[in-house]
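A.B. asks: Structure incoming, see below.
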Amino acid sequence: MKKLLLLCFLPFVFSFTMCGNRGDPLPPLQFSPETPEISGIDQVYRNFLVKWQPVKKFSDGRKLANPEEIYYIVSVNFGKEKVKIKNTYFLDSKVVSEGKKRCYTITAVYRGKYFSQPSEPFCAVARKPIEEIPEILSYVAGDGFVKFEFKPITNYSIEVFRDSSLYISPYKTLPPKTSEFVNKNLVNGKKYSYSFRFSEGNLKGRLSETYNLTPEDRKLPEPPANVFLIRKGNSCIILWDPSPSEDVSGYVILKDEKVIGSTGRGIYFFLPNCPEGSYYIKAVDKAGNFSKPIKAKPDN
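According to the working numbering, the residues represented by the sequence shown are 404 to 703, in order.
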């Protein structure tokens with residue numbers, strides 16, 4: 404019996420003695436961010452624009468719980484100038500002349516006290532700037548679109564900026580020799596702002612003026628068909644077939660040239676007092692455009 408109890412107790416003893424011997428202790432957590440990586444430097448006319456990838460991890464590979472608590476220190480020319488910034492880009496305010504060199508490193512800072520290793524230095528030498536500005540020959544806003552026509556240029560691409568105040572990343576880049584830009588599927592009645600500049604790789608020119616355009620539906624709706632007037636005593640009713648246009652919001656009734664009433668998407672209008680004269684129906688669309696008037700025929 405004692406041997407049996409001993410055999411039952413032995414597994415517990417071995418299990419207990421092995422609990423604290425499961426490998427080396429884990430290393431302490433690292434709260435320093437990973438090292439930023441500069442993705443490139445653009446020369447925007449006479450200034451350098453430095454761009455880098457956002458830091459999203461700690462140096463040990465764990466994901467940051469709150470990436471918004473990261474800010475960056477930009478070191479210019481190996482510490483001669485330092486700038487604290489929240490963005491993942493830095494437009495250097497120093498105007499550079501052709502042949503001048505500027506170098507940059509980026510350090511990420513988490514919660515104001517945990518510093519990453521500085522990025523590898525990234526240097527750029529200023530080139531001859533692009534002085535020209537895209538020449539806009541004409542522009543127009545239509546039904547859900549805007550259109551610009553350019554004087555075509557063979558040397559440069561054209562960068563398009565839409566509703567932008569930063570001018571960091573273009574909305575679209577047009578290849579050399581492009582003569583027009585059409586922006587479709589826009590919301591009628593909404594204002595859109597456009598600016599343009601020339602581009603040759605990472606060399607960017609000056610911005611054009613800003614063009615503010617509002618697309619509008621100017622296409623007239625189709626008129627109603629088979630418009631009849633039926634009299635009964637002093638009253639009458641006007642009947643019609645609906646306009647085939649999909650964006651029609653209602654109809655306007657006129658006597659001679661004067662508006663006497665309106666209706667929604669109905670197909671008749673009752674007049675309790677219907678004096679002699681000519682009656683007309685116009686379709687109106689959601690943009691407020693009117694169709695041509697159709698005269699009501701008496702139903703004899």
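All C-beta atoms, glycine included, are put in the ideal place defined by N, C-alpha and C.
1. State the beta-bridge partners of residue 586 as determined by DSSP.
2. Which same chain residues, not among the five before or five after residue 683, have their C-beta less than 6 Å away from its C-beta?
3. Express the C-alpha separation of residue 690 and residue 617 in angstroms, rounding to a whole number.
4. From residue 500 to residue 493, what does the alpha carbon distance come to, in whole angstroms?
5. Do you know how far the Cα of residue 541 is from the Cα of residue 602?
6. Does the distance from the CB of residue 457 to the CB of residue 491 come in under 8 Å?
7. Return the chain-ordered list of same chain residues with a C-beta closer than 6 Å to the C-beta of residue 498, the five sequence neighbours on each side being excluded.
8. Residue 515 to residue 479, Cα distance in whole Å?
9. In the structure shown, what three-state DSSP assignment does residue 523 receive?
10. For residue 535, which residues in the same chain have their Cβ closer than 7 Å to its Cβ, ignoring the five residues on either side in sequence?
11. Assign residue 481 to one of two classes, buried (16 or more other C-beta atoms within 10 Å of its C-beta) or exposed (fewer than that).
12. Measuring alpha carbon to alpha carbon, tell me which of 555, 591, 556 ends up nearest residue 547.
13. Would the beta-carbon of residue 644 fall within 8 Å of that of residue 627?
14. Reducing DSSP to helix, strand and coil, say where residue 420 ends up.
15. Please check the pair residue 611 and residue 539, which I expect to be a contact at CB under 8 Å, by giving their CB distance rounded to whole angstroms.
16. Between which two residues does the beta strand (DSSP E) carrying residue 563 extend?
17. Count the other CB atoms, across all protein chains shown, that sit within 10 Å of the CB of residue 671; report buried if there are 16 or more and exposed otherwise.
18. Can you give me the start and stop residues for the beta strand (DSSP E) that residue 629 sits inside?
19. From the DSSP output, in three-state form, read off residue 404 for me.
20. Using CA coordinates, which residue listed in 629, 621, 598 is at the minimum distance from residue 614?
21. Would you kindly report the start and end of the unbroken beta strand (DSSP E) that includes residue 486?
22. Across which residues does DSSP place residue 529 in a beta bridge pair?
23. Answer yes or no: does any C-beta atom of chain C fall closer than 8 Å to that of residue 575?
24. Does the separation of the CB atoms of residue 488 and residue 439 fall below 8 Å?
25. Give the secondary structure of residue 439 by DSSP, where H, G and I count as helix, E and B as strand, and everything else as coil.
26. Return helix, strand or coil for residue 472, following the three-state DSSP convention.
27. Check whether the Cβ atoms of residue 629 and residue 677 sit closer than 8 Å, and answer yes or no.
28. Kindly list the residues whose CB is nearer than 7 Å to the CB of residue 589, restricted to its own chain and excluding five residues on each side of it in sequence; keep chain order.
29. Just list the beta strand (DSSP E) runs in the segment 650–693, keeping only unbroken ones of 3 residues or longer that don't cross its boundaries, in chain order.
30. Using the beta-carbon count (16 or more within 10 Å), is residue 557 buried or exposed?
C.D. replies: Judging by the given coordinates:
1. Beta-bridge pairing links residue 586 to 549.
2. Counting only Cβ-Cβ distances below 6 Å, and skipping sequence neighbours, we find 657, 696, 698.
3. Each residue's alpha carbon lies about 13 Å from the other.
4. Approximately 18 Å between the Cα atoms of the pair.
5. If you take the alpha carbons of residue 602 and residue 541, they lie about 21 Å apart.
6. A distance below 8 Å separates the beta carbons of residue 457 and residue 491.
7. Counting only residues of its own chain and dropping the five nearest sequence neighbours on each side, residue 498 has a CB closer than 6 Å to the CB of 449.
8. Taken atom to atom, the span from the alpha-carbon of residue 515 to that of residue 479 is near 20 Å.
9. The three-state secondary structure of residue 523, taken from DSSP, is coil.
10. Cβ neighbours of residue 535 beyond the five flanking positions: 601, 608.
11. Counting Cβ neighbours within 10 Å, residue 481 comes out exposed, since fewer than 16 surround it.
12. The closest CA to that of residue 547, considering only 555, 591, 556, is found on 591.
13. A contact, by the Cβ cut-off of 8 Å.
14. Its pLDDT being 45, under 50, residue 420 is placed unreliably in this model, and the value from its coordinates should be taken loosely. For residue 420, the secondary structure class from DSSP, reduced to helix, strand or coil, is helix.
15. Residue 611 to residue 539, Cβ: 7 Å. Contact.
16. Taken as a continuous stretch (DSSP letters only), the beta strand (DSSP E) holding residue 563 covers 560–565.
17. Counting Cβ neighbours within 10 Å, residue 671 comes out exposed, since fewer than 16 surround it.
18. For residue 629, the enclosing beta strand (DSSP E) has its first and last residue at 628–635.
19. Because residue 404 carries a pLDDT of 47, less than 50, the predicted location of this residue cannot be relied on, and the following value inherits that uncertainty. Coil at residue 404, not helix or strand.
20. Comparing Cα positions, the closest option is 598.
21. Taken as a continuous stretch (DSSP letters only), the beta strand (DSSP E) holding residue 486 covers 484–488.
22. As DSSP reads the structure, residue 529 sits in no beta bridge.
23. Absence of chain C from the displayed structure is noted, only one protein chain being present.
24. At least 8 Å separates the beta-carbon of residue 488 from that of residue 439.
25. In this structure, residue 439 counts as coil in the three-state DSSP scheme.
26. Residue 472 falls in the helix class under three-state DSSP.
27. No, these two residues do not count as a Cβ contact at 8 Å.
28. Once the five neighbours on either side are set aside, the close Cβ partners of residue 589 are 547, 548, 549, 595, 618.
29. With a minimum length of 3 residues, the continuous beta strand (DSSP E) runs that stay inside the segment 650–693 are 651–658, 661–666, 671–674, 682–688.
30. Classification of residue 557: exposed, given that the 10 Å Cβ count is below 16.
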